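Shown next, in structure tokens, is the structure this report addresses.
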Amino acid sequence: MKLILLGAPGSGKGTHAGRICSRFNIPHISTGDIFRMNIRGNTPLGVKAKEYISKGELVPDSLVIELVKDRLSQADCSNGYVLDGFPRTIAQAEALASFSEVNAAIEFILDHDVIIERVIGRRVCQCGETYNVKFLNGRLDCPKCGGKLYQRDDDKEETIKTRLEVYDKETAPLVDFYKEKNLLVEIDCNGKSIDEVATLLDNVLNEL
Ligand code: AMP
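Below, the structure is given as structure tokens:
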């Protein structure tokens, strides 16, 4: 199963990618996570990517495409993968089509005002877990591993607004790109709980 998850930052791609990957036993490939790991490790890629990520801008295609091409060539991707956060531009989508086929591009639709509220409240842990302050009851450590929770720099209010503008300009055109290829599946997440979206997603995946 080779899937692309499309949708604005904070629309739930990461949460549902984890569930799909467990179900099909395939890797979750998040370009954002790969960049954050490189930033933490202070690698040359991390240093370059940070310049863009901290401003809410996209990392240049030239840096992202080779990274994903290399990642998809690894043995654990032979049965499929879930791409979360890639492609984000038409040039990335065209490059992807040149080195891999996909079964579907699933778009998570969620109103921007809900996204802004959700992203501003998002807290993450180095172990990979993500929470929302609404449900943490004032807790500052990770309920799963005890690590210190923190807010991503690019989840601050000003930066998320820029990220949404970038999404509308650069990434939203991918919806038509995949619609024309008959690969697009839309999931309207407005007013739905995570479990309700997961059920819709399961139904979609059963049909693929
Ligand atoms: P994410 O965790 O997917 O929201 O990604 C965080 C940030 O990493 C984005 O706001 C971009 O700056 C950068 N990024 C992640 N994936 C890509 C991509 N496919 N193309 C360009 N920049 C990316």
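Taken in order, the sequence shown gives residues 119 to 326; the numbers are from our numbering. By construction, the Cβ of each residue, glycine as well, lies at the ideal position given by its N, Cα and C atoms. Since this is a predicted model, take the numbers as computed values, not measurements.
- With distances taken between CA atoms, residue 157 lies nearest to 244 out of 205, 121 and 244.
- Counting C-beta pairs with one atom in each stretch, the segment 137 to 147 and the segment 235 to 244 have fewer than three that are closer than 8 Å, which means they do not touch.
- The segment 176 to 195 makes contact with the segment 212 to 231: 3 or more CB pairs, one atom from each, lie closer than 8 Å.
- Between residue 281 and residue 174, the gap from beta carbon to beta carbon is short of 8 Å.
- Sixteen is the threshold: when 16 or more other Cβ atoms of the shown chains lie within 10 Å of the Cβ of residue 171, as they do, the residue is buried.
- In this structure residue 256 is exposed. Its beta-carbon is surrounded by fewer than 16 other beta-carbon atoms within 10 angstroms.
- Counting only the Cα atoms, residue 204 lies some 20 Å from residue 307.
- Residue 162 counts as exposed, since fewer than 16 other beta carbons sit within 10 angstroms of its beta carbon.
- Residue 297 and residue 258 have their alpha carbons spaced roughly 42 Å apart.
- The residues 132, 133, 240, 241 and 242, in chain order, have a CB closer than 8 Å to that of residue 248 in the same chain once the five nearest residues on each side in sequence are set aside.
- Judged by DSSP in its simplified three-state form, residue 290 adopts coil rather than helix or strand.
- Taking residue 124 as reference, the option from 224, 253, 251 and 267 with the minimal CA-CA separation is 224.
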